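Residue numbers for the sequence shown follow our numbering, so the first one is 1 and each next one is one higher.
All C-beta atoms, glycine included, are put in the ideal place defined by N, C-alpha and C.
In this text the structure is predicted, and so the values were computed from the model without any measurement.
Here's the structure, in structure tokens; my notes come after.
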Amino acid sequence: MIDIRLGNENDLTELAKIYSIAYNSLNIGEKWDDTSAQKLLQHFYKQQPDLFFVAEDNGVIVGGIVALVKPWWDGNRLTDGEIFVDPNSQGKGIGTQLIKCLFSEALNKYNAVSWDTFTHKAHENPLKWYKKMGFKEIENWVIITGSIKEVLNKLSKPT
1 MIDIRLGNEN DLTELAKIYS IAYNSLNIGE KWDDTSAQKL LQHFYKQQPD
51 LFFVAEDNGV IVGGIVALVK PWWDGNRLTD GEIFVDPNSQ GKGIGTQLIK
101 CLFSEALNKY NAVSWDTFTH KAHENPLKWY KKMGFKEIEN WVIITGSIKE
151 VLNKLSKPT
């Protein structure tokens, strides 16, 4: 039996373990450990505890979801979210239940209009899973990242 409930600070240690296992199993170049995952989840929990949900399977924590609310030109949007399910529990509809819970609460409480997030293309899933639910890839947009030190170093050099 899957139950979705609001998370609390006591859940963060177990959720961090699941987060690091889930993302490390994807082999996408991210190297999570329980400490870094706990810092990330603590960050989200402190900012948006009312949109931080936990999935339990027969009383055992198996995943979570969280997103932040950000005002935007067309209304409130969910941004910078995380969804993760223990790899041994995937394929049971847990992620879908987590998204339904998050979206319902965000719509009711904040009148949220969308969830802006990103995912990787290294594997067929989760992109295929997101598309199945109605998410779309945004044309003409690209996610960029840069090392702060490298950018500052480059900006410091004369051109």
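Taking the straight line between their C-alpha atoms, what separation do you get for residue i and residue j?
i           : j           : result
residue 98  : residue 31  : 24 Å
residue 42  : residue 9   : 8 Å
residue 1   : residue 71  : 36 Å
residue 26  : residue 12  : 21 Å
residue 58  : residue 114 : 31 Å
residue 181 : residue 82  : It is not possible to answer for residue 181, since the shown part of the chain is limited to 1 through 159.
residue 29  : residue 147 : 15 Å
residue 157 : residue 149 : 13 Å
residue 69  : residue 35  : 25 Å
residue 89  : residue 154 : 45 Å
residue 93  : residue 4   : 12 Å
residue 74  : residue 126 : 27 Å
residue 136 : residue 116 : 10 Å
residue 134 : residue 48  : 25 Å
residue 131 : residue 39  : 30 Å
residue 24  : residue 159 : 40 Å
With a threshold of 16 other CB atoms inside 10 Å of the CB of residue i, please say whether the residue is buried or exposed.
i           : result
residue 20  : buried
residue 151 : exposed
residue 7   : buried
residue 95  : buried
DSSP three-state label for residue i, please.
i           : result
residue 56  : strand
residue 156 : helix
residue 147 : coil
residue 26  : coil
residue 2   : strand
residue 34  : helix
residue 136 : coil
residue 10  : helix
When you compare the CB positions of residue i and residue j, do they come within less than 8 Å of one another, or not?
i           : j           : result
residue 106 : residue 78  : yes
residue 76  : residue 37  : no
residue 62  : residue 18  : yes
residue 86  : residue 22  : yes
residue 91  : residue 15  : no
residue 44  : residue 102 : no
residue 100 : residue 50  : no
Hey, which unbroken runs of the beta strand (DSSP E) at 3 residues or more fall wholly within the region 39-86?
52-57, 60-72, 75-85
Complete alpha helix (DSSP H) runs within the region 89-119 (minimum length 4 residues, chain order):
As for any alpha helix (DSSP H) of minimum length 4 sitting wholly inside the region 89-119, the runs are 94-110, ordered along the chain.
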